[in-house]
Each structure stands twice: as C-alpha cells, then as structure tokens.
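Novice:
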Amino acid sequence: MNEAKGLKKVLAVLGAFTLLSLSGCGQEQTAEADSSVQATTELASEAVVEETTEAAAEEHLDYGNQDEWTFESGEMQSPINIETGAAEAMVEDGSLTLDYAEEIIDVVDNGHSIEMEDGGQATIAGRSFELTQFHLHSPSEHTLDGEYFPIELHFVHKAQDGRLAVIAVFFKEGTENAAFQSILDDVKANEESTVASGLSLNVAELLPANKSYYHYLGSLTTPPLTENVEWYVMANPVEVSAEQIAAFNEYYQGNNREVQPLGERSVLKYEE
Numbered sequence: 352m353n354e355a356k357g358l359k360k361v362l363a364v365l366g367a368f369t370l371l372s373l374s375g376c377g378q379e380q381t382a383e384a385d386s387s388v389q390a391t392t393e394l395a396s397e398a399v400v401e402e403t404t405e406a407a408a409e410e411h412l413d414y415g416n417q418d419e420w421t422f423e424s425g426e427m428q429s430p431i432n433i434e435t436g437a438a439e440a441m442v443e444d445g446s447l448t449l450d451y452a453e454e455i456i457d458v459v460d461n462g463h464s465i466e467m468e469d470g471g472q473a474t475i476a477g478r479s480f481e482l483t484q485f486h487l488h489s490p491s492e493h494t495l496d497g498e499y500f501p502i503e504l505h506f507v508h509k510a511q512d513g514r515l516a517v518i519a520v521f522f523k524e525g526t527e528n529a530a531f532q533s534i535l536d537d538v539k540a541n542e543e544s545t546v547a548s549g550l551s552l553n554v555a556e557l558l559p560a561n562k563s564y565y566h567y568l569g570s571l572t573t574p575p576l577t578e579n580v581e582w583y584v585m586a587n588p589v590e591v592s593a594e595q596i597a598a599f600n601e602y603y604q605g606n607n608r609e610v611q612p613l614g615e616r617s618v619l620k621y622e623e
C-alpha cells in the first residue's frame, strides 16, 4: 500500500484452488542455463524469504531509486520486453501441472506489494515445485511488444533444490473479476484491523482460459534480484474492471521494476 496508508498487518483468507494444467518447456530447451543454475541454487532457495523479510523491514521498497538496488550479476535480469514476433517456438512439449487444494492463505503487506502465501504443488517438465506465494505489481513489469498492462500477477514456486519458477499473468481492463474483487474487499475490510478474516477464493479466475505463454530465464524483480529464475509469462491477459484497477492502485501503484536488457537470452513460445 502507499506510504500514506502504511498498512502493516497479516490477514488470513481461505482459498479454494482448482486443478489446472498447462504445457511447459521441454528439458532440452531449458538446458542452456543448467550449469549456471547449479552454482546459484542456494541463493535462489533463500531468495523468497529474503525478498519478503528484507522488504518488510525496509517498510517500502523505493521504486523511485532502482539504480541503487544491488545484485551479484546483471546478465539475466527481469523483467524484460517480450518481442512476440521474435519468440522461438518450443521444440519439445514438456508438461506443467498446478495442483492447488483448499489452503489457508496469509495476505501480507510486505512493503512492496500485497502478497498471498500458500501451499500447492506444480510439476514442470517432470520437476516438482511448491507454490510459496503470489503477489501483484502495478503497472506490469514485463511488456509485450513494448506494451504495459495495468497489473501483473506473479505466482512464485520453489523446487527442493532451490530452483524458482514464476508464472506471470497480465491483467487488462474489461469485466469485473470475482476472485480479484474478493482480495480487494478483504484487504479493505481489514485495513484498520489485525483480526483474521476468511473468504473463498478461486485462483482459476486469476488465470487465463488459454494457457499459451512465453518462457525465458531471468531473475527476481525485487532485491536480492537473484538470477536463474524460470519465467512463464502468460500470453493472454485476464480481465478486471476499471474500478478494480483503481481500487488496487489506492494501495500500490508504481511498484514495477524497469524493463531490463534481454542480452543473449532467448524467449520461447508455447501455443496451447
């Protein structure tokens, strides 16, 4: 939330998650960074915790002075601009399955976003990942052919070896989204309270019906900006209303990192 609001609390909400299936990248196409990944898995394993605890301690991450953010390397940073016409078609068809059951989610103002923490399982090309949290940025961090979207949602997953995988979803202006409204209503109702509240949340409504996506290797988008993060950026946005966008922006607006150079990396495209 913005500094004037200064929201500092933890809420609890009940999420009813549904079984979702996507197709993911083949192992052959993600192999280009496997050697460097092994050298940084321990850092990646700690990154999810660090990203939350350090930012919370700082109260609000300063997006107006991003040049002062420090990181170990800079060749594989996120977000990026995705040139849709330059994306390479995936050669092999791996599979990605998300299995989200009913769980208790903690909704936290972590100093740079509204973050919802929860458990859940994902299998990506035969590798198991655990859903750790999802959070929002406004406007979007990634761009498609230079176009920003009003909001971008990140589902963050972690494997046992520390490898991170993030599924990014763009929100665009359109019809009202019931799941997103549930989050907004719960946060508003508990602005001045630390008492836990409960609600039903269908995360399927926060994902597009068509699961085509772009894939590349990048980094976290907040300090410590750890690299070798697998990104799966959905090609099709989810609709939310203009009123919902405005309501979210009352809490956070401008919490997006600047687009980073793609460099020598390639972007792959999966067509469902």
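Note that the sequence shown covers residues 352 to 623 in the working numbering. Ideal placement from N, C-alpha and C gives every residue a C-beta, glycine not left out.
Give the single residue among N416, T421, L447 whose Cα lies nearest to the Cα of H566.
Specialist: When each option's Cα is compared against that of H566, the closest is L447.
Novice: Bridge partners for G475 per DSSP, in chain order?
Specialist: The sequence shown places Ile at residue 475, rather than the Gly named in the question. Note: I475 sits in a beta bridge opposite L447, R478.
Novice: Please classify E556: does DSSP put it in a helix, a strand, or coil?
Specialist: The answer is helix: DSSP assigns E556 an H, G or I state.
Novice: With 16 other CB atoms within 10 Å as the buried threshold, where does A529 fall?
Specialist: So A529 ends up on the exposed side.
Novice: Going by DSSP, name the residue or residues bridged to V520.
Specialist: Note: V520 sits in a beta bridge opposite L504.
Novice: Spatial neighbours of F506 within its chain, please: CB distance less than 6 Å, with the 5 preceding and 5 following residues excluded, ordered by chain position.
Specialist: Contacts found: F485, I518.
Novice: Please determine, among D457, P490, R616, I433, the residue with the shortest C-alpha to C-alpha distance to Y414.
Specialist: Closest by alpha carbon: P490.
Novice: How about H666 and V584: do their beta carbons lie closer than 8 Å?
Specialist: What is shown of the chain runs 352 to 623, which leaves residue 666 out entirely.
Novice: Among all the DSSP beta bridges, which residues are the ones paired with V584?
Specialist: According to DSSP, which records beta bridges pairwise, V584 is partnered with A519, Y565.
Novice: Along the alpha helix (DSSP H) that carries L619, what are the first and last residues, could you check?
Specialist: No alpha helix (DSSP H) contains L619, which is instead part of the beta strand (DSSP E) from 619 to 621.
Novice: Measuring straight from C-alpha to C-alpha, what distance separates T474 and R514?
Specialist: Using only the alpha carbons, I get a separation of about 13 Å.
Novice: CA-CA distance, K620 and A586?
Specialist: So the alpha carbons of these two residues sit roughly 9 Å apart.
Novice: So, are the CB atoms of L568 and R608 less than 8 Å apart?
Specialist: Against a cut-off of 8 Å, the Cβ pair of R608 and L568 comes out as no contact.
Novice: By the three-class DSSP mapping on this structure, what secondary structure does A438 have?
Specialist: Residue state, collapsed to three classes: coil.
Novice: Quick one: what's got a C-beta closer than 8 Å to K523's C-beta in the same chain, skipping five residues either side?
Specialist: The answer, listed in chain order, is F500, P501, P588, V589, E590, V591.
Novice: Could you give the first and the last residue of the continuous beta strand (DSSP E) run that contains I465?
Specialist: It spans 465 to 468 - the beta strand (DSSP E) in which I465 sits, taken as one unbroken run.
Novice: What does DSSP give as the partner residue(s) for N579 in the beta ladder?
Specialist: DSSP, once it has assigned bridges, lists no residue as partnering N579.
Novice: Please state if the CB of G497 and the CB of N432 are separated by a distance shorter than 8 Å.
Specialist: Cβ distance < 8 Å, so N432 and G497 count as in contact.
Novice: Less than 7 Å between C-beta atoms, sequence neighbours within five positions excluded: which residues of the same chain meet that for Q611?
Specialist: Counting only Cβ-Cβ distances below 7 Å, and skipping sequence neighbours, we find Q428, S429, P430, I431.
Novice: Using only the alpha-carbon positions, how far apart do I534 and E419 sit?
Specialist: C-alpha separation (whole angstroms): 32 Å.
Novice: So L412 and H463 are in contact, right, with Cβ under 8 Å, and what is the actual spacing, rounded?
Specialist: Confirmed, Cβ separation roughly 4 Å.
Novice: What did DSSP end up calling E498 once you bin it into helix, strand or coil?
Specialist: Strand at E498.
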